[in-house]
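K.L.:
Attaching a single structure in structure tokens format; questions to follow.
Numbering (the numbering used here), first residue to last: 3 to 120.
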């Protein structure tokens, strides 16, 4: 089996910022905890990608795992058949009610005097 795995992270806020925000979790923490449970130990490396580059890296087999927002994951799931291992948020508590989240939704808000968006 492999001893090194690559986690591709969607760089929403730029490559350098994405690396700074995710290296501790995906490189350092996973390698120090999960990686030590294997013999020989395995390591995890994080690589930040802009959307198109992430899709290319997946297509070319350059990443083993991805961390991306639900919109990007939807594209990856449809195009490559990826399935989630985990999610960051799986339920939402609103007004003393709990909602299990299994879909992604979004809202576009515009000013009422903006007639460019219908």
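The C-beta atom is built at its ideal place from N, Cα and C for all residues, glycine as well.
What span of residues does the beta strand (DSSP E) with residue 71 cover, start to end?
P.N.:
Within the chain shown, the letter at position 69 stands for residue 71. Careful: residue 71 lies outside any beta strand (DSSP E) and carries neither H nor E.
K.L.:
At what residue ranges does the region 31-65 contain a whole run of the alpha helix (DSSP H), taking only runs of 4 or more?
P.N.:
53-61
K.L.:
Could you tell me the distance, in whole angstroms, from the CA atom of residue 94 to the CA atom of residue 100?
P.N.:
Looking up residue 94 in the chain shown gives position 92. Looking up residue 100 in the chain shown gives position 98. Approximately 6 Å, taken between the alpha carbons.
K.L.:
Whole-angstrom Cβ separation of residue 65 and residue 8, contact assumed at under 8 Å?
P.N.:
As a first step, residue 65 must be located in the chain shown, where it is residue number 63. As a first step, residue 8 must be located in the chain shown, where it is residue number 6. The pair is a contact, with the Cβ atoms about 5 Å apart (cut-off 8 Å).
K.L.:
With a Cβ-Cβ cutoff of 8 Å, do residue 3 and residue 28 count as a contact?
P.N.:
Residue mapping note: residue 3 aligns to position 1 of the chain shown, counting from 1. Residue mapping note: residue 28 aligns to position 26 of the chain shown, counting from 1. In this structure, residue 28 does not lie closer than 8 Å to residue 3 by Cβ.
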